[in-house]
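Just so we're aligned, residue 76 is where the sequence shown starts under the numbering used here, counting upward by one. Backbone N, C-alpha and C define an ideal beta-carbon position, used for all residues, glycine too. So the structure is just underneath, and the comments pick up after that.
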Amino acid sequence: MNALSRLGRWVRDHLILILGILVLVYMYIPNMVVALMSFNDSSHARNLYQFQSFTLNNWLHPCAPDGMCQSVAKSLEIGIIATVVATVIGTLAAFALVRHRFHGRGSMNLVLFLPMASPEIVMGSSLLALFIAFHAGGHLGTGTILIAHIMFCLSFVVVTVKSRLAGLDGNLEQAAMDLYATESQTFWKVTFPLVFPGILGAALLSFSLSFDDFIITNLNAGQTVTFPMFVWGAAQRGVPMQVNVVGTVMFLIAIAIVISGEVLSRRRSRALAG
76 MNALSRLGRW
86 VRDHLILILG
96 ILVLVYMYIP
106 NMVVALMSFN
116 DSSHARNLYQ
126 FQSFTLNNWL
136 HPCAPDGMCQ
146 SVAKSLEIGI
156 IATVVATVIG
166 TLAAFALVRH
176 RFHGRGSMNL
186 VLFLPMASPE
196 IVMGSSLLAL
206 FIAFHAGGHL
216 GTGTILIAHI
226 MFCLSFVVVT
236 VKSRLAGLDG
246 NLEQAAMDLY
256 ATESQTFWKV
266 TFPLVFPGIL
276 GAALLSFSLS
286 FDDFIITNLN
296 AGQTVTFPMF
306 VWGAAQRGVP
316 MQVNVVGTVM
326 FLIAIAIVIS
336 GEVLSRRRSR
346 ALAG
């Protein structure tokens with residue numbers, strides 16, 4: 076009974092930690108499967124989704140499937156451009172909504188939230204109808220995809236940066252101005268560094284949404300093929316294992332960015348404390 080009592084006490088004391096670990100394991104099981112399947116040799120397998128034998132060929136020849144690397148490059152191109160444009164415009168809009176009072180401010184907050192709440196099929200079909208109405212139906216491609224991606228990424232950027240600005244202590248800016256800093260110096264030395272984590276988070280979120288989008292892209296892509304569209308097309312015949320390589324690389328890059336940000340944040344905190 077003493078051993079059971081100690082075990083029960085230990086579980087109660089660490090219940091939150093145990094639940095957190097279980098949730099993380101549950102969330103990352105798909106990523107673990109993708110990483111495992113990236114080493115799968117399915118060249119002689121009838122079932123592509125069953126692990127057959129270990130191989131490094133998928134990593135040594137990631138562009139073996141025709142058109143896959145081109146689709147990845149196209150998704151990266153669109154994602155980067157859409158992220159930069161949406162982050163710049165969304166950040167400016169967030170500053171305007173938080174720092175200024177003007178007529179229609181409440182309505183604008185509602186309008187900016189609508190793209191996040193609308194189903195993707197509704198937004199995609201609406202954009203397609205818009206492009207056709209402006210006689211762009213025959214010119215669907217990278218340009219129309221960019222317009223669509225910037226449009227739905229804007230809402231996420233504005234909401235993310237707004238939440239960061241709302242929690243910003245205005246006394247810090249006032250203190251900088253009391254020390255004879257100009258408005259420009261206050262912004263770049265105080266405001267921007269404090270808001271930057273929110274801007275970076277919004278940019279990463281925008282890129283992941285753009286790179287991952289299929290429904291809106293498929294409706295407005297024309298003959299352009301992005302990576303999600305390539306995967307969907309390949310699924311009709313059997314997804315090549317190199318797709319798992321791309322997924323694993325993107326997942327590792329995301330982890331590296333998060334860890335780097337955490338390390339830099341801790342170093343900055345130690346420097347300020349010292």
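Within the same chain, and ignoring the five residues on either side of S285 in sequence, the residues whose Cβ sits closer than 7 Å to its Cβ are I153, G154, A157, T158, H224 and C228. DSSP places K149 inside the alpha helix (DSSP H), whose first and last residues are M143 to R174.
For H89, no alpha helix (DSSP H) run applies, since DSSP gives it neither H nor E. Between the segment 241-248 and the segment 259-272 there are three or more C-beta pairs closer than 8 Å, enough to call the two in contact. By a beta-carbon distance limit of 8 Å, P315 does not contact P105. Their separation comes to about 18 Å. Taking C-alpha positions only, I93 is separated from T235 by approximately 30 Å. Within its own chain, the residues whose Cβ lies closer than 6 Å to the Cβ of W134, once the five positions on either side in sequence are excluded, are V320, listed in chain order. In the DSSP assignment, N115 forms a beta bridge with F129. Taking a 10 Å sphere around the C-beta of N184, we find fewer than 16 other C-beta atoms and assign the residue as exposed. Between the segment 185-205 and the segment 294-306 there are three or more inter-stretch CB-CB distances shorter than 8 Å, so the stretches are counted as touching.
When DSSP states are grouped into helix, strand and coil, T257 belongs to the coil group.
Going by C-alpha positions, I96 is about 23 Å away from S80.
Between A277 and T162 the beta-carbon gap is near 6 Å, inside 8 Å, which marks them as a contact.
In this structure, T217 lies near T299, with their beta-carbon atoms less than 8 Å apart. Beyond the five residues adjoining it in sequence on each side, D288 comes within less than 7 Å, by CB distance, of H224 and P303 in the same chain, given in chain order.
In terms of Cα proximity to T301, the closest of D116, L172, S182 and A148 is A148. With 16 or more other Cβ atoms from the protein chains shown falling within 10 Å of its own Cβ, Q317 counts as buried. Here V160 has I225 as same chain residues with Cβ atoms under 6 Å from its own Cβ, once five neighbours each way along the sequence are excluded. A residue is called buried once 16 or more other Cβ atoms fall within 10 Å of its Cβ, and S182, having fewer, is exposed. Within 10 angstroms of the beta-carbon of I220 lie 16 or more other beta-carbons, which makes it buried. Here Y103 carries a helix assignment [DSSP, helix/strand/coil].
With respect to P190, S230 sits close: the two C-beta atoms are nearer than 8 Å.
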